[in-house]
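Each residue of the sequence shown is one higher than the one before, starting from 724 at the first, in our numbering.
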Amino acid sequence: MKYTTLLMDADDTIFDFPKCEYNALQEALTSCGFPFDDSIHAAFSAINSALWKQFEMNRITRAELRVERFRSLMQECFQDLSSPNTVADRYVEALSKQAIFIDGAKEAVQTLSKHFDIFIITNGLKAVQKGRFARAGLDDCLKGLFISDEMGVQKPMKAFFDRVMTYIPEKESDRILVVGDSLTSDMQGGRNAGLDTCLYDPHHKTTLPHPLCDYRIERLTELLSLSE
């Protein structure tokens, strides 16, 4: 039996998150009078990634994550803790305008939408993801957008996927495929919900076989072989 429905992650699966993050961080810091360079971006990226992992494990709240990443960055890079909330607000605003696609991803989603019902599943902030998808030009390709910020529960929790399942038309779990780049969020979440999983791994960072992955792809268009 083939799949009818894709539950697709957004960042690092459709959107080029490092580029989006870089642009947004530069705008946020410089608008608040702080310097910016590649080393500052690298420091922020490491801090941000670690805090998102903590959020996935339910060890910190979304509100804590939103500001703590800038408090940590400003302490590490500037020894200045005067305005983490202001920088956090500027960053969220700037990131909501960044809809930079991974090369070929927009065209791939447009093609896939002719063969699957596509729903986005993301842990990103509501203001950020709604702003980005409003600019993405994919309205005709997507059947829905599930944002953990709105749902009150995040990937990889089973409750997130259970809630998604109540809204999507397809009710046969073996016809639904979770697609994303994250083992801890997307693949683990799919497993928790009893759904098949497909890892988007263009650089082969993960060694196969892997207990969390049913498939691995380098390009989104490879999913066409799994359609009806």
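Where a beta carbon is used, it is the ideal one built from N, C-alpha and C, also for glycine. Note that the structure is predicted; figures quoted are calculated from it, not measured.
- Comparing C-alpha distances from Leu906 to each of Phe793, Ala857, Lys928, Glu893 shows the shortest one belongs to Lys928.
- With respect to the 8 Å criterion, Tyr890 and Gly867 are classified as neighbours on the basis of their beta carbons.
- Under the three-state reduction of DSSP output, Leu861 falls in the coil class, being neither helix nor strand.
- The way I'd put it, the segment 826-840 doesn't touch the segment 741-755; fewer than three beta-carbon pairs between them come closer than 8 Å.
- The three-state reading of DSSP puts Ser805 in coil, since its state is none of H, G, I, E or B.
- Using a Cβ distance threshold of 8 Å, Asp840 and Lys878 do not count as a contacting pair.
- Around the Cβ of Ser772, a 10 Å sphere holds fewer than 16 other Cβ atoms; the residue is exposed.
- In the DSSP assignment, Tyr923 is bridged to Ile940.
- Going by beta carbons, Arg858 and Ala916 fall outside the 8 Å limit.
- Counting only runs of at least 4 residues, the segment 875-925 fully encloses the following alpha helix (DSSP H) elements, listed from N- to C-terminal order: 881-890, 911-915.
- The beta-carbon separation of Leu796 and Ala766, rounded to 6 Å, stays under the 8 Å limit for a contact.
- Per DSSP, reduced to three states, the secondary structure at Leu729 is strand.
- Three or more pairs of CB atoms, one per stretch, sit closer than 8 Å, so the segment 800-820 contacts the segment 848-862.
- Judged by DSSP in its simplified three-state form, Gly756 adopts coil rather than helix or strand.
- As a beta-bridge residue in DSSP terms, Gly867 pairs with Phe842.
- Cβ atoms of Asp872 and Asp904 stay farther apart than 8 Å, at about 19 Å.
- Counting only the Cα atoms, Thr809 lies some 28 Å from Ile844.
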